[in-house]
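J.:
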Amino acid sequence: MYNPEAIAAAFAAAREDHSKAIALSIEHRELAEQKNPRFAQIAKQLSLIGADIAKSFYSENPAKSVEALAAESLRLQEERKALLKSMDLPEDYLEPQYSCKQCSDTGRVNGKICSCIRRRAVDFSLEALAAVSPSERCSFESFDLSYYKDMKDENGKSVYEKAKDNLEYLKAYSEDFSEHSKSLYIFGKTGLGKTHLTLATANAIIRRGYHVVYGMAGMIFSDIEREKFKSEEGKYTMQKLLEADLLIIDDLGSEFHTSFSASVAHNIIESRLLANKPIIITTNLDLGGIHRQYGERIASRIIGEYVPIRFVGEDIRQLKEFMY
Ligand SMILES: [Zn+2]
107 MYNPEAIAAA FAAAREDHSK AIALSIEHRE LAEQKNPRFA QIAKQLSLIG
157 ADIAKSFYSE NPAKSVEALA AESLRLQEER KALLKSMDLP EDYLEPQYSC
207 KQCSDTGRVN GKICSCIRRR AVDFSLEALA AVSPSERCSF ESFDLSYYKD
257 MKDENGKSVY EKAKDNLEYL KAYSEDFSEH SKSLYIFGKT GLGKTHLTLA
307 TANAIIRRGY HVVYGMAGMI FSDIEREKFK SEEGKYTMQK LLEADLLIID
357 DLGSEFHTSF SASVAHNIIE SRLLANKPII ITTNLDLGGI HRQYGERIAS
407 RIIGEYVPIR FVGEDIRQLK EFMY
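Counting in the numbering used here, the sequence shown runs from 107 upward without gaps.
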């Protein structure tokens, strides 16, 4: 669960917010004290009272009772509030304003990771996905089924129903997703909404707190090639591909094809299968094409272990151009 990089980024962002809140409260205190020296006196008196309360716990005959000191402290705080109000400033003007009240932007509550860190980590992961894909506009809600109305496949069957089935299947898949969900083989011609629905699936699964790694097949394979032959780390490393809860390989078959890319594809598919972790493959290749380009072993893995999701119909991007 959770992308470790996103968690680290979330903690860093929380720490930054914490420092900013402290810095701003200091600035506010200085401003207030410049305008009215009484603020400085109150602050001094409050800190003396604090020290007296601490001391009174150790002394047998304290000069003042704890109750009296506490009452005095309260009176000073009320005076300060009244002063702030007279200056049209909020009551908590001098306090640090943390973005998370639960953990004061430390990221932890009683030693446990605060929910704000999870929220921030999800945001980071969604941003990271958006940086490498058009995922921001890809949701299940923005998948427009009306383009498929009246469209028939090569056998004269309605394409609309199939598109609707695919949408519903992927929606349910993302709602039920776990680290050991089934792998998916999403195939069909270009421009039928495969990438849209795959990115919608990725977004939904990231929102549920899972660690999703998404990449175009070409980018993944060239990074792995550089890692292996030049020991250079790119965006994708074998370790990252294996540790993700879900790996998405987009547009398999579109990459520059070498015998190495076929062996990388094989390695990734086998390793994740062994770890019982899912992959979503999207591709224009039907099983015959997979067999030709990647060989018998990958084709039989996909037949045996992957749920096939077929997209049928005409290129909807071309259709959209006609409609506008
Ligand atoms: Zn928090």
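Using N, Cα and C, we set each Cβ at its ideal position, and we do this for glycine too.
#1: Can you give me the start and stop residues for the beta strand (DSSP E) that L290 sits inside?
#2: Give the straight-line distance between the Cα atoms of S171 and E233, rounded to the nearest whole angstrom.
#3: Just how far apart, CA to CA, sit A120 and S221?
#4: Taking all protein chains shown into account, do 16 or more other C-beta atoms lie within 10 angstroms of the C-beta of G213, making it buried, or fewer, making it exposed?
#5: Let's see if you can read the secondary structure: which residues bound the alpha helix (DSSP H) around Y357?
#6: Using 8 Å for Cβ pairs, my map puts S280 next to T301. What's the rounded Cβ distance?
#7: Using only the alpha-carbon positions, how far apart do R181 and S153 sit?
#8: CB-CB under 6 Å to H397, same chain, minus the five flanking residues each way: which ones, in chain order?
#9: Take L358 as the anchor and find which of D123, A118, V370 and A350 has the nearest alpha-carbon.
#10: Any heavy atom of ligand 1 closer than 8 Å to the CB of I223?
#11: May I have the straight-line CA-CA distance separating S284 from K161, to the nearest angstrom?
#12: Ligand 1 and G213: does any heavy atom of the ligand fall closer than 8 Å to the residue's C-beta?
#13: Can you give the Cα-Cα distance for E197 and L190, rounded to whole angstroms?
#14: Is P414 helix, strand or coil by DSSP?
#15: Taking 8 Å as the cut-off, is the C-beta of C244 nearer than that to any heavy atom in ligand 1?
#16: Which residue wins for smallest C-alpha separation from T389, given the options F366, S360 and R403?
#17: To which residues does DSSP link S210 through a beta bridge?
#18: At the level of alpha carbons, what is the spacing between D194 and K187?
#19: Taking only the alpha-carbon atoms, compute the straight-line gap between A278 and F362 and give it to the nearest angstrom.
#20: What number of angstroms, rounded off, separates the C-alpha of E260 from the C-alpha of R332?
#21: Counting beta carbon pairs with one atom in the stretch 261-273 and one in the stretch 333-347, are three or more of them shorter than 8 Å?
#22: If we ignore side chains and look at the alpha-carbon of each, how far apart do I326 and I408 end up?
#23: In this structure, how does DSSP classify M322 when only helix, strand and coil are distinguished?
#24: Return yes when the C-beta of A119 is under 8 Å from any heavy atom of ligand 1, and no when it is not.
#25: Taking the beta strand (DSSP E) that T388 belongs to, which residues open and close that run?
#26: For the stretch 341-353 and the stretch 246-260, state whether three or more C-beta atom pairs, one from each stretch, are separated by less than 8 Å.
#27: Buried or exposed for V265, going by 16 or more other Cβ atoms inside 10 Å?
#28: Can you look up S153 in the DSSP assignment and give me helix, strand or coil?
#29: At the level of alpha carbons, what is the spacing between D209 and R224?
#30: With a threshold of 8 Å on Cβ separation, who are the neighbours of L235 within its own chain once the five nearest residues in sequence on each side are excluded?
#31: Along the chain, where does the alpha helix (DSSP H) containing D259 start, and where does it finish?
#32: Helix, strand or coil for K341? Go by DSSP, reduced to three states.
#33: Nearest CA to the CA of R243: which residue from E185, L200, D256 and L303?
T.: The relevant details are as follows:
#1: Secondary structure note for L290: its beta strand (DSSP E) is the uninterrupted segment S289 to G294.
#2: Here the alpha carbons of E233 and S171 stand approximately 56 Å from one another.
#3: Answer to the nearest angstrom: the Cα atoms are 12 Å apart.
#4: G213 comes out buried.
#5: Residue identity check: residue 357 is Asp in the sequence provided, not Tyr. Unbroken run through D357 is the beta strand (DSSP E), L352 to L358; no alpha helix (DSSP H).
#6: Taking C-beta atoms under 8 Å as the contact rule, S280 and T301 fail to qualify, at a distance of about 15 Å.
#7: Distance from the CA of R181 to the CA of S153, rounded to the nearest whole angstrom, comes to 14 Å.
#8: Apart from the 5 residues on each side of it in sequence, H397 sits with its Cβ closer than 6 Å to the Cβ of A405 in its chain, given in chain order.
#9: With distances taken between Cα atoms, L358 lies closest to V370.
#10: Short note on I223: C-beta closer than 8 Å to some heavy atom of ligand 1.
#11: So the alpha carbons of these two residues sit roughly 56 Å apart.
#12: At least one heavy atom of ligand 1 is nearer than 8 Å to the Cβ of G213, so yes.
#13: Within the model, the alpha-carbon separation for E197 versus L190 is close to 6 Å.
#14: DSSP places P414 in strand when its eight states are reduced to three.
#15: C244 has its Cβ no nearer than 8 Å to any heavy atom of ligand 1.
#16: Nearest Cα to T389 within the set F366, S360 and R403: S360.
#17: Bridge partners of S210 according to DSSP: none are assigned.
#18: For D194 and K187, the distance between alpha carbons rounds to 10 Å.
#19: If I take the Cα positions, the gap works out to 34 Å.
#20: The alpha-carbon separation between E260 and R332 amounts to approximately 42 Å.
#21: No, they do not touch.
#22: Looking at the backbone, the Cα of I326 and that of I408 are separated by about 19 Å.
#23: Here M322 sits in strand by DSSP.
#24: When distances are taken from the beta-carbon of A119 to the heavy atoms of ligand 1, even the shortest one reaches 8 Å or more.
#25: If you look at T388, you'll find it in the beta strand (DSSP E) that goes I385 to T389.
#26: The answer is no - the stretch 246-260 does not touch the stretch 341-353, with fewer than three Cβ pairs under 8 Å.
#27: So V265 ends up on the buried side.
#28: If DSSP states are grouped into helix, strand and coil, S153 belongs with the helices.
#29: According to the sequence shown, residue 209 is Cys rather than Asp. C209 and R224 have their C-alpha atoms some 13 Å from each other.
#30: Residues S241, L305, A308, N309, I312, V318 and Y320 of the same chain have their beta carbon placed closer than 8 Å to that of L235, with the five preceding and five following residues left out of the count.
#31: Unbroken run through D259: none, as it is neither H nor E.
#32: Coil at K341, not helix or strand.
#33: When each option's Cα is compared against that of R243, the closest is L303.
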